[in-house]
Structures are given as structure tokens and as C-alpha cells.
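Chain order of the listed sequences is A and B.
For the first sequence, the working numbering begins at 1 and goes up steadily by one.
For the second sequence, the working numbering begins at 1 and goes up steadily by one.
The structure appears below as C-alpha cells.
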Amino acid sequence: DVKVTQSSRYLVKRTGEKVFLECVQDMDHENMFWYRQDPGLGLRLIYFSYDVKMKEKGDIPEGYSVSREKKERFSLILESASTNQTSMYLCASRKGQGIAGELFFGEGSRLTVL
Amino acid sequence: GNSVTQMEGPVTLSEEAFLTINCTYTATGYPSLFWYVQYPGEGLQLLLKATKADDKGSNKGFEATYRKETTSFHLEKGSVQVSDSAVYFCALRNANTGNQFYFGTGTSLTVIP
Numbered sequence: 001d002v003k004v005t006q007s008s009r010y011l012v013k014r015t016g017e018k019v020f021l022e023c024v025q026d027m028d029h030e031n032m033f034w035y036r037q038d039p040g041l042g043l044r045l046i047y048f049s050y051d052v053k054m055k056e057k058g059d060i061p062e063g064y065s066v067s068r069e070k071k072e073r074f075s076l077i078l079e080s081a082s083t084n085q086t087s088m089y090l091c092a093s094r095k096g097q098g099i100a101g102e103l104f105f106g107e108g109s110r111l112t113v114l
Numbered sequence: 001g002n003s004v005t006q007m008e009g010p011v012t013l014s015e016e017a018f019l020t021i022n023c024t025y026t027a028t029g030y031p032s033l034f035w036y037v038q039y040p041g042e043g044l045q046l047l048l049k050a051t052k053a054d055d056k057g058s059n060k061g062f063e064a065t066y067r068k069e070t071t072s073f074h075l076e077k078g079s080v081q082v083s084d085s086a087v088y089f090c091a092l093r094n095a096n097t098g099n100q101f102y103f104g105t106g107t108s109l110t111v112i113p
């Protein structure tokens, strides 16, 4: 069974802390994504990566950075967490560039910043 | 540009009722359209998709038809079950959007026995 695994389901951090969210996929997918999910706003793309060491900004990259050193792993980094980054974070992966290919999602990481 | 609009929730239905969740989109060309479902405490998973006009996607009793003339992709199910309680997201991907998917805001469905 294909799988996208996010390292932490629930995290509580303090304002100003550095936060790492890890995501691993076992499907050999080229593309990986980080979304943020907030009530009433749906899913908003933070960053995506289409290859190792490659990254592209999404719609809301401010306050975030990413790292992709290996094909299967995509990390989201909050350099200095703030309360407005309290949210559900969803990692996803996708194979190739075809228009019909679907996204596969992890179970999400719910981050609370105090 | 590209965007997806879906009906506001929450939606509450009795078991065995008919379900429609409306989704309309704005896009140039011929996007692929998707419905994703998020069960409580889980990530999103693909429910169904359609890649060209007049295609019908179907899965688990749910159906949606890609209507280019009305730019719609409404989700329907003839008889809902309690286990269908979830949040449903409509999404599109277009050839001119690169890797981007565009999601609606989600519609929460609760089915009561």
C-alpha cells in the first residue's frame, strides 16, 4: 500500500521556537508538497518540490522554508514559530507531470504555537 | 486564473438521503477535476476524478460528471451512510498551472442515523 508518512501527528511549540515537520513517501514520487489547512480557507500551498534539492514557492511561503535532500523526504521548517502558524499541515506527493495524476496525502501534523 | 468554488457547509443529512455537493470552477483550457475526502483525524484521499468533458468519475457510490458547459463537477450519492460523514474537497489541476492543484474550501457532511 502506498504511503506518505508525517513524523508527528500533534506538536505544541512556543513562539520563537524552530519547528521541523518531516514527510516521507515510499512511492518514488518526483513531486512533493506542503499544504496548510485552516477552517474556511481550505488547503493552501506553502512550498513544493519537483526534484531533489529543487523547490518552488506556493501561495503562502512567508515564514516557512523547506528542504529536500533525498527523493523520498521533504521537510518543512518554521524558523521562528508564531501563533498565526497554528494550523494543520498536510504533506502530499505525486508522480510525474501528467495532468491527471492524483495527490497522495499524509495524515497531517497539527501544530499549536503558544 | 484558476479557482474552485464549492457549496458552503456544514451539511447534515439523515441516513439514506440523497446527497449533492456543488462545485464550480474557473479555468482556461481543459483541467482535470478531482473530489477528495477527509475522514475525521485523517489526511485527504482521492474519492474520484475526471480528466475530460462529459467524463463521469465514480467510487464508493459517489459520482460526479465533468460539465464543461456549466463549468461544474457536482458530487452526488443516492443514499448516504453514517460512514460518509467527512469533509469533501473539490479540486482542479490545469496544464497551465504546473504542479499546482487548486482546492475548494471544503464541505463538511454529517450523516445522522
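Where is the CB? At the ideal position from N, CA and C, for every residue including glycine.
Model, not experiment: these values are computed from the prediction.
Ends of the beta strand (DSSP E) at residue i?
{"i": "Q6/B", "result": "S3 to Q6"}
{"i": "N22/B", "result": "Unbroken run through N22/B: none, as it is neither H nor E."}
{"i": "V37/B", "result": "S32 to Q38"}
{"i": "R68/A", "result": "S65 to K70"}
{"i": "Y66/B", "result": "First-last for Y66/B: undefined, no H or E at that position."}
{"i": "V87/B", "result": "A86 to R93"}
{"i": "M54/A", "result": "No beta strand (DSSP E) contains M54/A, which DSSP labels as neither H nor E."}
{"i": "S109/A", "result": "S109 to V113"}
{"i": "R36/A", "result": "N31 to D38"}
{"i": "I77/A", "result": "R73 to L78"}
{"i": "A92/A", "result": "S87 to R94"}
{"i": "N96/B", "result": "No beta strand (DSSP E) contains N96/B, which DSSP labels as neither H nor E."}
{"i": "A50/B", "result": "L44 to A50"}
On a Cα-Cα basis, can you pick out the residue from the options that is closest to residue i?
{"i": "N31/A", "options": "Y64/A, E72/A and L76/A", "result": "E72/A"}
{"i": "T107/B", "options": "F89/B, D55/B, K60/B and S72/B", "result": "F89/B"}
{"i": "T110/B", "options": "G104/B, T5/B and T20/B", "result": "T20/B"}
{"i": "P31/B", "options": "G78/B, F73/B and D84/B", "result": "F73/B"}
{"i": "T51/B", "options": "L92/B, T97/B, E8/B and F103/B", "result": "L92/B"}
{"i": "Y66/B", "options": "E76/B, G78/B and A53/B", "result": "A53/B"}
{"i": "D38/A", "options": "T5/A, R68/A, V12/A and N84/A", "result": "N84/A"}
{"i": "P40/B", "options": "F18/B, G78/B, E69/B and D84/B", "result": "D84/B"}
{"i": "F33/A", "options": "L114/A, L76/A and S87/A", "result": "L76/A"}
{"i": "Q6/B", "options": "W35/B, Q45/B and K60/B", "result": "W35/B"}
{"i": "L111/A", "options": "E62/A, K18/A and V4/A", "result": "K18/A"}
{"i": "G42/A", "options": "P113/B, S3/B, N94/B and E69/B", "result": "S3/B"}
{"i": "D55/B", "options": "V87/B, E69/B, T97/B and F101/B", "result": "E69/B"}
{"i": "E8/B", "options": "S14/B, C23/B and E15/B", "result": "C23/B"}
{"i": "L11/A", "options": "S65/A, F104/A and M88/A", "result": "M88/A"}
{"i": "A86/B", "options": "T105/B, Q45/B, V37/B and E76/B", "result": "V37/B"}
{"i": "R9/A", "options": "E42/B, E15/B and N59/B", "result": "E42/B"}
{"i": "E106/A", "options": "Q25/A, R14/A and G16/A", "result": "Sequence check: residue 106/A is Gly here, not Glu. Selected option, being the one with the closest Cα: Q25/A."}
{"i": "A95/B", "options": "P10/B, V11/B, T12/B and T28/B", "result": "T28/B"}
{"i": "T5/A", "options": "G16/A, E22/A and K13/A", "result": "E22/A"}
Within 10 angstroms of its Cβ, does residue i collect 16 or more other Cβ (buried), or is it exposed?
{"i": "G1/B", "result": "exposed"}
{"i": "R68/A", "result": "buried"}
{"i": "G57/B", "result": "buried"}
{"i": "F74/A", "result": "buried"}
{"i": "V113/A", "result": "buried"}
{"i": "K53/A", "result": "exposed"}
{"i": "T105/B", "result": "buried"}
Looking at the C-beta of residue i, does it have a partner C-beta in chain A at a distance below 8 Å?
{"i": "L75/B", "result": "no"}
{"i": "E42/B", "result": "yes"}
{"i": "G104/B", "result": "yes"}
{"i": "Q81/B", "result": "no"}
{"i": "F18/B", "result": "no"}
Should residue i be flagged as near chain B, meaning a C-beta pair shorter than 8 Å?
{"i": "E72/A", "result": "no"}
{"i": "G106/A", "result": "yes"}
{"i": "L41/A", "result": "yes"}
{"i": "L103/A", "result": "yes"}
For the region 42 to 76 of chain B, which residues have a beta carbon sitting closer than 8 Å to at least one beta carbon of chain A? So the list reads E42, G43, L44, Q45, L46, K49 and T51, given in the order they occur along the chain.
Short of 9 Å Cβ to Cβ, which residues in the region 7 to 30 of chain A face chain B? Correct list: R9.
At a Cβ cut of 7 Å, what residues of the region 65 to 91 of chain A count as close to chain B, listed as they run along the chain? Interface annotation for the region 65 to 91 of chain A against chain B: L90, criterion Cβ-Cβ distance under 7 Å.
Interface positions of the region 33 to 63 of chain A facing chain B (Cβ-Cβ less than 7 Å), listed along the chain: For the region 33 to 63 of chain A, which is checked against every Cβ of chain B, the residues closer than 7 Å are G40, L41, G42, L43, L45, F48 and Y50.
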